[in-house]
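Residue numbers (our numbering): 4 to 100.
Built from N, CA and C at the ideal position, the CB exists for glycine as well.
Quantities reported herein were computed from a predicted structural model and do not represent experimental measurements.
Some notes on the structure that comes next.
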């Protein structure tokens, strides 16, 4: 192969590699979101995509009802749940030294 042919091949291959990388990243993100949605349960502490923290008190196929303070319940589309909060306390690092 000559240098020009190799250059042309590189110009074609780079955009194809970029597109493949973007598709794989999007699929990974969709898979993580689907896993989160299927793992939701009543009693989970969650944060919505808009940043509201609450505890799931009711859950069906489309709607999640969150209790954001005692007696205050808000209904959200289930897809608005962004993350599930980790309820395990962090291990103390250097505490008491």
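Each residue's CA atom was taken as its position, placing residue 74 and residue 68 some 12 angstroms apart. DSSP places residue 53 outside any beta strand (DSSP E), giving it a letter other than H or E. If you check the CB distance, residue 88 and residue 48 come in under 8 angstroms. Put simply, the backbone Cα of residue 5 is about 11 angstroms away from that of residue 12. The beta-bridge partner set that DSSP reports for residue 65 is empty.
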